[in-house]
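In our numbering, the protein residues as written are 2 to 281.
Okay, structure first, notes after.
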Ligand SMILES: [Zn+2]
Ligand SMILES: [Zn+2]
C-alpha cells in the first residue's frame, strides 16, 4: 500500500509567474499527501494551496488536515486561496507548532481576517478546528506523524509521516538552514529520518548552492549539496529538492537537476502539478 503525494507548489519565499517558470512552477509550498485509506493531509499552505484545493475538490467534501511547518507567509498565505473553506460539507483541522511568536490559532486568525482578508474564520462554512503539535506522535487516520525542530529564524518543524499500514514513509523538511545546526539538531533530525527505518523520500529545502549559502547565512535555508549529504547519512534513497530560489527559472533549475543527478541519481527537483507514489 502506498502513499500518494501531489506537489501544489514548491517555490521558495515568494511566488513567481511567467512562461519561464512553467515546468517547476511558481507557487510557494503546499503539498497534498493521500494515505492508503484516503486520508488527506496538506503540508503547508503556500500559494500552491489553490492547486491543492482543486485536487481536494475533485475527490469531494470530507475531512482534511492541514499541517504547518511554520507560519512564514510563503507557507501560510494560501489559506486565503482555498475556496473550500467557504463551502459546507468540508472539515479542516489546522495543525501546527507553537513558537514564542504564537501558535496555529493566532497565526491563522490574524492572517485570515481584516484588514488583510474580508472573510475571517467565523465566516467560513467549513468546520474549522485548531490543534497544536503537542504529542510525540499524532495520528491522521492510519498516517503516523512525528516532528522535530530544525534551524530556521523563528522556528520550524520537520515532519516524518509513516503509513502505519504500509512501509511507506517520507520526511518533509522545508525551511531549514543546515549550516546553522547544532550537534543536537543533527542528531535528532537524522534519527527521525532513520527511525524505525530510513524514510523512502526526503523532501527538503534546496534554496541555495554551497557556493552562495555562506553569503546568505541566517536567511534560514540550505544548499542542495548539504541536502544530498543528509540523505546519504540517513540512508534515504530518494530526495525531492524544493523551496526553489524565486529567481531560478526553468532553464536554471533543469541545469541544476542535471548537476544534482550526477551526485545522486535518486534525487530530483520538485515540479508543481506532479503526483508521486511513495512505497509500493
Ligand atoms: Zn519558506
Ligand atoms: Zn520560513
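Just so you know, even glycine gets a beta-carbon here, dropped at the ideal spot from N, CA and C.
Enclosing beta strand (DSSP E) for residue i [first to last residue]
i	result
residue 30	Note, residue 30: premise wrong, no beta strand (DSSP E); not H, not E.
residue 276	276-279
residue 239	239-243
residue 138	138-141
residue 173	170-174
Range covered by the alpha helix (DSSP H) that runs through residue i
i	result
residue 110	105-112
residue 228	225-235
residue 272	Careful: residue 272 lies outside any alpha helix (DSSP H) and carries neither H nor E.
residue 212	211-214
residue 257	251-264
residue 186	184-195
Anticipated Cβ contact below 8 Å, residue i with residue j, distance rounded
i	j	result
residue 251	residue 21	6 Å
residue 264	residue 229	5 Å
residue 33	residue 53	5 Å
residue 158	residue 98	5 Å
residue 133	residue 104	5 Å
Straight-line gap, residue i to residue j (C-alpha atoms, nearest Å)
i	j	result
residue 333	residue 136	Residue numbering for the chain in the displayed model covers 2 to 281; residue 333 lies beyond these limits and cannot be assessed.
residue 219	residue 198	32 Å
residue 42	residue 253	31 Å
residue 115	residue 82	15 Å
residue 192	residue 68	21 Å
residue 271	residue 277	10 Å
residue 178	residue 40	31 Å
residue 221	residue 31	18 Å
residue 85	residue 184	43 Å
residue 90	residue 125	11 Å
residue 14	residue 180	19 Å
residue 29	residue 226	22 Å
residue 10	residue 72	16 Å
residue 129	residue 44	17 Å
residue 1	residue 78	Past the boundaries of the shown model lies residue 1; the chain is included only from 2 to 281, so the question cannot be answered.
residue 143	residue 200	17 Å
residue 152	residue 246	18 Å
residue 140	residue 94	12 Å
Residue i CB to nearest heavy atom of ligand 1 below 7 Å
i	result
residue 267	no
residue 14	yes
residue 248	no
residue 244	yes
residue 48	no
Residue i: CB within 7 Å of a non-hydrogen atom of ligand 2
i	result
residue 208	no
residue 79	no
residue 194	no
residue 176	yes
residue 73	yes
residue 221	yes
Residues sharing a beta bridge with residue i, DSSP
i	result
residue 10	31
residue 92	64 and 128
residue 133	97
residue 149	159
residue 164	144
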